[in-house]
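What the sequence shown shows, in this note's numbering, is residues 3 to 120, in sequence order.
To start, the structure under review is shown below, and the notes come after it.
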Amino acid sequence: MKCPYCGYQESKVVDSRHSEDGQSIRRRRECLSCQKRFTTYETVESLPIVVIKRDGARQAFDRNKILNGMLRACEKRPVALAKLEEATDAIEQIIQNSLDREVSTTQIGELVMEKLKP
Numbered sequence: 003m004k005c006p007y008c009g010y011q012e013s014k015v016v017d018s019r020h021s022e023d024g025q026s027i028r029r030r031r032e033c034l035s036c037q038k039r040f041t042t043y044e045t046v047e048s049l050p051i052v053v054i055k056r057d058g059a060r061q062a063f064d065r066n067k068i069l070n071g072m073l074r075a076c077e078k079r080p081v082a083l084a085k086l087e088e089a090t091d092a093i094e095q096i097i098q099n100s101l102d103r104e105v106s107t108t109q110i111g112e113l114v115m116e117k118l119k120p
């Protein structure tokens, strides 16, 4: 891993633990040249997901659209932002775990409704 301070290519891992969301690993590294410490995050690279719109158009999956839609839907309801972000994470995880790399807006809508039910 390249040191962000001096550019040296070699470092050692001082500490390694899972991140709070459980989707990545946080590593504390120490440069073998300048001895400065820095943090890196290791995540699994996910394949791009394509959303099929009702008119047949295709576009890249954007989790922010789901979160913004749920924020609008819950504007006048006492729902915490953290709860909506948690639901968005769960929806994204379900879509990522499916074998299909394409998902329809109808399927996404059904997942959102399922997560919004009390």
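Using N, Cα and C, we set each Cβ at its ideal position, and we do this for glycine too.
Can you tell me whether DSSP reads residue i as helix, strand or coil?
i	result
Ile93	helix
Ile51	coil
Arg65	helix
Glu87	helix
Lys117	helix
Glu77	coil
Glu112	helix
Once the 5 residues before and after residue i are set aside, which same chain residues still bring their CB inside 8 Å of it?
i	result
Arg60	Val52, Val53, Ile54, Glu104
Ser21	Ile27, Arg28, Tyr43
Ala84	none
Ala62	Pro50, Ile51, Val52, Val53
Alpha carbons only, please: which of the options is nearest the one belonging to residue i?
i	options	result
Asn66	Glu94, Lys85, Thr41, Glu47	Glu94
Asp64	Asp91, Val15, Tyr10	Asp91
Lys5	Leu34, Pro80, Met72, Glu116	Note that residue 5 corresponds to Cys in the displayed sequence, not to Lys. Out of Leu34, Pro80, Met72, Glu116, Leu34 has the C-alpha closest to the C-alpha of Cys5.
Thr45	Glu32, Leu101, Asp23, Leu118	Asp23
Just the Cα atoms here: how many angstroms apart are residue i and residue j?
i	j	result
Thr41	Gln25	16 Å
Ile76	Glu116	In the sequence as displayed, the identity of residue 76 is Cys instead of Ile. Distance between the alpha carbons of Cys76 and Glu116: 14 Å.
Taking the beta carbon of residue i as the centre, do at least 16 other beta carbons fall within 10 Å, making it buried, or is it exposed?
i	result
Leu86	buried
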